[in-house]
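Counting from 1, one number per residue, gives the positions in the sequence shown under the UniProt record's numbering.
Encoded as structure tokens, the structure appears first; notes follow it.
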Amino acid sequence: MSALKYLNGYSQSLQQQVSQLLAAQRLGAWLEQRYPPQEQHPIQTDAALYDYTQALKQQFMRSSGPVSKVFFDTRMHVIDNALGQHQFVSRVQGSKLKRKNEIKVSAILKTLPEPLLRMVVVHELAHLREKDHNKAFYQLCQHMEPDYHQLELDLRLFLTLRD
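So this is what it looks like as structure tokens:
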């Protein structure tokens, strides 16, 4: 079960099902059935990712602070246990303290289906309101993306298959 490092928090029965799919070399086919192969989604540049994130923020989180920067990070790897990061940068400018919110998303998500990218962006946007992964955080994620938990599992399955 050590090959299932992305599924550590899930039940043993789910891990066994995934192990069986891997052993039978059917996990890829199962994921293709859920996410039929098609052309890459149109969000391939930092500008497109910024616009995509701003549209989600405008739809669900108008009253939250502005996001000043959103970009794909080619150095971010799953090894760091993250596919996205949010940063709250504070800088002194004269006598004022300027706060900026920045979101980094792993470039790996350029090649995965768009719903998985959306799940990561929703996750990072939710950190604008909730800093910790608590109940309110996950409720906000589900408000923005009703299939949030399923998409998170599917993303972990893609990463398991990739390894």
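Beta carbons are placed, not taken as given, at the ideal position from N, Cα and C, and that holds for glycine.
Let's test the definition: count the other Cβ atoms within 10 Å of the Cβ of residue i and tell me whether it reaches 16, buried, or not, exposed.
i: residue 134; result: exposed
i: residue 70; result: buried
i: residue 156; result: buried
i: residue 34; result: exposed
i: residue 123; result: buried
i: residue 14; result: exposed
i: residue 145; result: buried
In angstroms, rounded to a whole number, what distance separates the CA positions of residue i and residue j?
i: residue 60; j: residue 18; result: 34 Å
i: residue 16; j: residue 74; result: 33 Å
i: residue 50; j: residue 152; result: 21 Å
i: residue 139; j: residue 85; result: 19 Å
i: residue 127; j: residue 76; result: 18 Å
i: residue 154; j: residue 137; result: 20 Å
i: residue 105; j: residue 46; result: 10 Å
i: residue 1; j: residue 95; result: Residue placement at residue 1 is flagged as unreliable, the pLDDT there being 45, under the threshold of 50; a coordinate-derived value is accordingly withheld.
i: residue 30; j: residue 20; result: 12 Å
i: residue 25; j: residue 38; result: 21 Å
Name the residue from the options whose alpha carbon lies nearest to the alpha carbon of residue i.
i: residue 9; options: 32, 149, 162, 106; result: 149
i: residue 58; options: 125, 29, 162, 103; result: 125
i: residue 108; options: 102, 68, 41, 65; result: 41
i: residue 129; options: 67, 55, 24; result: 67
i: residue 102; options: 11, 132, 65; result: 65
Spell out whether any CB of chain B is found under 8 Å from the CB atom of residue i.
i: residue 149; result: Reference to chain B is not applicable here, since this structure consists of a single protein chain.
Below 6 Å CB to CB, which residues in the same chain sit around residue i once its five sequence neighbours on both sides are set aside?
i: residue 166; result: Here the chain comprises residues numbered 1 to 163, so residue 166 is not present and cannot be evaluated.
Please list, in chain order, all residues of the same chain as residue i whose beta carbon is under 7 Å from its beta carbon, the five residues on each side excluded.
i: residue 147; result: none
i: residue 63; result: none
i: residue 112; result: 158
i: residue 91; result: 98
i: residue 28; result: 161
Provide the residue(s) that pair with residue i in DSSP beta bridges, ordered along the chain.
i: residue 71; result: 104
i: residue 98; result: 91
i: residue 85; result: 104
Excluding sequence positions up to five away, which residues of its chain have a Cβ less than 8 Å from the Cβ of residue i?
i: residue 43; result: 49, 52, 110, 114, 117
i: residue 143; result: 60
i: residue 83; result: 76, 105, 106, 108, 109, 120, 155
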